[in-house]
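So the protein sequences, as listed, match chains S and Y. All residue numbers for the first sequence refer to my numbering, where the first residue is 1 and numbers rise by one. All residue numbers for the second sequence refer to my numbering, where the first residue is 1001 and numbers rise by one. Where is the CB? At the ideal position from N, CA and C, for every residue including glycine. The block underneath contains the structure these notes are about, expressed in structure tokens.
Number of protein chains: 2
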Amino acid sequence: MQQQKTICIQGLGFVGLAMATVVANVIDKSGKPRFKVYGVDLPSKQASIDLINKGLLPFKTEDKSFAPELLKAVCEYKNLVATSDENIYQQADIVVVDVHLTISKPDENDYSKYHLYKESFEKAIHSLGKKIKADCLVLVETTVPPGFTRNVVCPILKEEFTKRNILSEPLIAHSYERVMPGKEYLNSIRNYYRTFAGLNEESAALAKQFLETIIHTQAYPLKQEEIPEASELAKVMENSYRAMNIAFIYEWTLMAEKMGVNLFSVIEGIRNRNTHKNIMMPGLGVGGYCLTKDSLLALWSNDNYYHSTFGFPLSTAALKINDAMPLHVVDLIEEYESLENKKVLILGVSYREDVGDTRFSPTEVLYKALQQKKAMVYVHDTYVTNWEELPDASFVDDFTGFDILVFATRHQQYVSFSTEDLLRISENTVLVVDANNILSDEKIQLLQKHQRRVIGIGKGHINKNIKKKE
Amino acid sequence: MQQQKTICIQGLGFVGLAMATVVANVIDKSGKPRFKVYGVDLPSKQASIDLINKGLLPFKTEDKSFAPELLKAVCEYKNLVATSDENIYQQADIVVVDVHLTISKPDENDYSKYHLYKESFEKAIHSLGKKIKADCLVLVETTVPPGFTRNVVCPILKEEFTKRNILSEPLIAHSYERVMPGKEYLNSIRNYYRTFAGLNEESAALAKQFLETIIHTQAYPLKQEEIPEASELAKVMENSYRAMNIAFIYEWTLMAEKMGVNLFSVIEGIRNRNTHKNIMMPGLGVGGYCLTKDSLLALWSNDNYYHSTFGFPLSTAALKINDAMPLHVVDLIEEYESLENKKVLILGVSYREDVGDTRFSPTEVLYKALQQKKAMVYVHDTYVTNWEELPDASFVDDFTGFDILVFATRHQQYVSFSTEDLLRISENTVLVVDANNILSDEKIQLLQKHQRRVIGIGKGHINKNIKKKE
């Protein structure tokens, strides 16, 4: 039997706890867990830590396998323990760093004003350097500015090693996760591609060996890069590409609406080309932790380490455009109806369909803009009843009695509304707004037959049937 | 037997002659040609017209089926005739408009300075209106500013019809071609997806019927849009999307080179994601007639018809970036070698691999920039011996004796150079530049072992091995 290695997961957020659960559920051929896992978080997270140690998830998820797997690891295998005691790092063979690194959104017109809050990340690395064994692998999964592993993580560990008279080089690697909260939460770790790189050959070999035990690498082969910078770059580039492709649609949406063109149909035609399969559809905007900020990490990196004079004009323009996108819904509504004193219900506060995740949700921007227009705004979400970012928002369960309905998130609940449902809840409306392609053309045509005024983002062919306000 | 319809193709350029050849080779069940085809061009194109009427192609192509199909139509079926006599339009059941519409590139910093040269297109439509039968379908294939079919083509035809006392509405449709010169030239018409729309139901039905006879619609179903604006928009949006995705790579290339990162490997990893399969690789830049200008047609359209105040910031930024891309090769070279008085050979003047097409080739920008740096510039291209845009360029067949070799186009000839070939032609070089991922890492490493100084666009891992100039 192989010796059971000890893995510490530093940071028990959306990524860290999923990672800890997956690692704790790796079993060897005899069916025994392969690793002893410690999840480490700050003392301020004691409430979460206590829940986890009872085998309970500290947040909701739509992945039905997550809760039972956590419970199994904590209560049956007893190989997953959460703690805030940093002494545990002394026992680690590998520490996986899943600590958040926050960068602030800059002023809309001045992208030099972003700020990277690197202190807590640096402190976390110092705490490792003070405790870990000389031959412990530090595997950074945090999305960092490219160059951070070499220029921040390595010097901090060396500094702490020197204080402890450890002469050997610290073992450090970077591998970026592509964790996607939702129904495939744990699966997005086990069954997905991974890129990684070590600062030296030994680190790379150890990282490879570890990743091979937790990822199904036969189906999803690992991609090894020469240097950690490549792995760090890949993550922010990947997300910047997606964000730009979303932003691209915005400029075409605005013209298509004025043209009376059905942009969804146009894009369906364009997607026939293999080179264009991933062109995005019009929508409300972008949310979440990654697409809304990862380009800024590249910008920081360039400003601080690499100094390409060209910078990132497309990637940063895309961030700006995406931030403004929800405001277009307000502009479009105002072409048809005044918002003042209107009772408006937004259906969907989560930024992603069939997930209860409100981080940087475009609905937040929409909500605030509608309030500024003096509308009385109410919200509903299939998965959210407590909106962390806007705790004063009024949630409702009854969708009737509103002047304006705005369909914002593509939750299955809204998509599967029958025409009867829609006719009932829109009975006293002056306007129904499909901001995210939630209503089919057939449903909209039926609503219009019953004198409902329906408009939609990217739906020029629908909007042109509705009389604008004088 | 069905009656043989008469089809006129207006404009015998890259698209029109291919279209004429394909239409003329449509046969019915009895093996007889289905259409009588007239290709119509201006009297100034008499030389081309004469060649075509002998069954000969007026330009080179890598599609081996093109010449025999043209010959067959002209000399065997005798159903394809080229002419400059506009009276032929009187006989047409359908006119396919493949007339060029040119928009000039604006001043680099002022995108309001583009100019649409619409006069020759308008004149072409007038010439149709003067001659065609009232029930002739005018099928516009030209890439036009969205809205052009309704706002330009239709009024012109109506004006001419009124003069002729024709009271019925002209029959007009738009369908954009995706013709790709190269080995699959004719195939790119027959075996590819098509979007189309008519100005009214009758036009749409006629266009559908015609397109179904020339395109293999069982494998490539037609996509019908409600209004021609949608078909027009799709074309320029599709090309703008591609152009932006190419531009995106530029900003990441510049940083990756400074980081010592192998960007090709990074992108290979990113392409594992289904949503990211089409992310582009670093290269020399963009050429050709479409990707370098189609966004401007959308801009014109918005400025003149639709007035979305947002405009096209991403799409126009992409055009600017792509125009500048070849200049980066010069900057990169100058980090390693001075260009003054150096003998430089550029391998590849065509903008696309394995095609002899120099329209808006990025090599042209590169060539001029190298000359400005006082280099002595020579060129070679597998498929080009006469560079229309730069007739003074010196072509060579012997690749030895140069100070700097720049691999610019991914022609198979260059990609398949053996290490021995490469060692021989680089014997006296001070620098070999791979501007378009033409040399494999293995070949470059062998060259470097033999003291050749090799650098590459997007190849930070290669470039960092080469000492920069003081």
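Would DSSP call residue i helix, strand or coil?
{"i": "residue 336 (chain S)", "result": "helix"}
{"i": "residue 1093 (chain Y)", "result": "coil"}
{"i": "residue 139 (chain S)", "result": "strand"}
{"i": "residue 1001 (chain Y)", "result": "The predicted position of residue 1001 (chain Y) is uncertain, since its pLDDT is 47 and thus under 50; no value can be drawn from it."}
{"i": "residue 343 (chain S)", "result": "strand"}
{"i": "residue 1372 (chain Y)", "result": "helix"}
{"i": "residue 1188 (chain Y)", "result": "helix"}
{"i": "residue 100 (chain S)", "result": "coil"}
{"i": "residue 406 (chain S)", "result": "strand"}
{"i": "residue 1394 (chain Y)", "result": "strand"}
{"i": "residue 262 (chain S)", "result": "strand"}
{"i": "residue 269 (chain S)", "result": "helix"}
{"i": "residue 1114 (chain Y)", "result": "coil"}
{"i": "residue 107 (chain S)", "result": "strand"}
{"i": "residue 462 (chain S)", "result": "helix"}
Between which two residues does the alpha helix (DSSP H) holding residue i run?
{"i": "residue 1180 (chain Y)", "result": "Run containing residue 1180 (chain Y): none; DSSP gives neither H nor E here."}
{"i": "residue 1005 (chain Y)", "result": "Per DSSP, residue 1005 (chain Y) belongs to no alpha helix (DSSP H); it is in the beta strand (DSSP E), 1005-1010."}
{"i": "residue 1287 (chain Y)", "result": "Taken as a continuous stretch (DSSP letters only), residue 1287 (chain Y) belongs to no alpha helix (DSSP H), as it is neither H nor E."}
{"i": "residue 294 (chain S)", "result": "294-301"}
{"i": "residue 162 (chain S)", "result": "154-163"}
{"i": "residue 1213 (chain Y)", "result": "1201-1214"}
{"i": "residue 1080 (chain Y)", "result": "Taken as a continuous stretch (DSSP letters only), residue 1080 (chain Y) belongs to no alpha helix (DSSP H), being part of the beta strand (DSSP E) at 1080-1083."}
{"i": "residue 217 (chain S)", "result": "Here residue 217 (chain S) belongs to no alpha helix (DSSP H), and DSSP marks it neither H nor E."}
{"i": "residue 1419 (chain Y)", "result": "1419-1425"}
Locate the beta strand (DSSP E) running through residue i, then write down its first and last residues.
{"i": "residue 1036 (chain Y)", "result": "1035-1040"}
{"i": "residue 1378 (chain Y)", "result": "1376-1380"}
{"i": "residue 1434 (chain Y)", "result": "1431-1434"}
{"i": "residue 473 (chain S)", "result": "The structure shown has nothing for residue 473 (chain S), since chain S only spans 1 to 470."}
{"i": "residue 349 (chain S)", "result": "Note, residue 349 (chain S): premise wrong, no beta strand (DSSP E); not H, not E."}
{"i": "residue 1196 (chain Y)", "result": "1195-1198"}
{"i": "residue 1456 (chain Y)", "result": "1454-1456"}
Using a 10 Å radius around the Cβ and a threshold of 16 neighbouring Cβ atoms, would you call residue i buried or exposed?
{"i": "residue 93 (chain S)", "result": "buried"}
{"i": "residue 253 (chain S)", "result": "buried"}
{"i": "residue 63 (chain S)", "result": "buried"}
{"i": "residue 1223 (chain Y)", "result": "buried"}
{"i": "residue 1411 (chain Y)", "result": "buried"}
{"i": "residue 943 (chain Y)", "result": "Any property of residue 943 (chain Y) remains undetermined from this structure, which presents chain Y solely from 1001 to 1470."}
{"i": "residue 406 (chain S)", "result": "buried"}
{"i": "residue 364 (chain S)", "result": "buried"}
{"i": "residue 461 (chain S)", "result": "buried"}
{"i": "residue 1027 (chain Y)", "result": "exposed"}
{"i": "residue 1136 (chain Y)", "result": "buried"}
{"i": "residue 1035 (chain Y)", "result": "buried"}
{"i": "residue 1328 (chain Y)", "result": "buried"}
{"i": "residue 380 (chain S)", "result": "buried"}
{"i": "residue 1395 (chain Y)", "result": "exposed"}
{"i": "residue 335 (chain S)", "result": "exposed"}
{"i": "residue 1250 (chain Y)", "result": "buried"}
Going by beta-carbon coordinates alone, are residue i and residue j separated by less than 8 Å?
{"i": "residue 141 (chain S)", "j": "residue 177 (chain S)", "result": "yes"}
{"i": "residue 957 (chain Y)", "j": "residue 258 (chain S)", "result": "No answer is possible for residue 957 (chain Y): the residues shown for chain Y start at 1001 and end at 1470."}
{"i": "residue 170 (chain S)", "j": "residue 186 (chain S)", "result": "no"}
{"i": "residue 434 (chain S)", "j": "residue 457 (chain S)", "result": "yes"}
{"i": "residue 1211 (chain Y)", "j": "residue 1143 (chain Y)", "result": "no"}
{"i": "residue 362 (chain S)", "j": "residue 287 (chain S)", "result": "yes"}
{"i": "residue 1325 (chain Y)", "j": "residue 248 (chain S)", "result": "no"}
{"i": "residue 419 (chain S)", "j": "residue 446 (chain S)", "result": "yes"}
{"i": "residue 40 (chain S)", "j": "residue 55 (chain S)", "result": "no"}
{"i": "residue 160 (chain S)", "j": "residue 129 (chain S)", "result": "yes"}
{"i": "residue 332 (chain S)", "j": "residue 455 (chain S)", "result": "yes"}
{"i": "residue 191 (chain S)", "j": "residue 234 (chain S)", "result": "no"}
{"i": "residue 1037 (chain Y)", "j": "residue 1015 (chain Y)", "result": "no"}
**Message:** Please identify, using Cβ separations under 7 Å, the residues of the segment 1185-1208 of chain Y that lie next to chain S, in order along the chain.
**Reply:** 1193, 1195
**Request:** Taking a Cβ distance cut-off of 8 Å, strictly less, list which residues of the segment 1402-1421 of chain Y are near chain S, in chain order.
**Result:** none
**Item:** Proximal residues, the segment 1229-1242 of chain Y versus chain S, C-beta separation under 7 Å
**Value:** 1229, 1230, 1233, 1234, 1237, 1238, 1241, 1242
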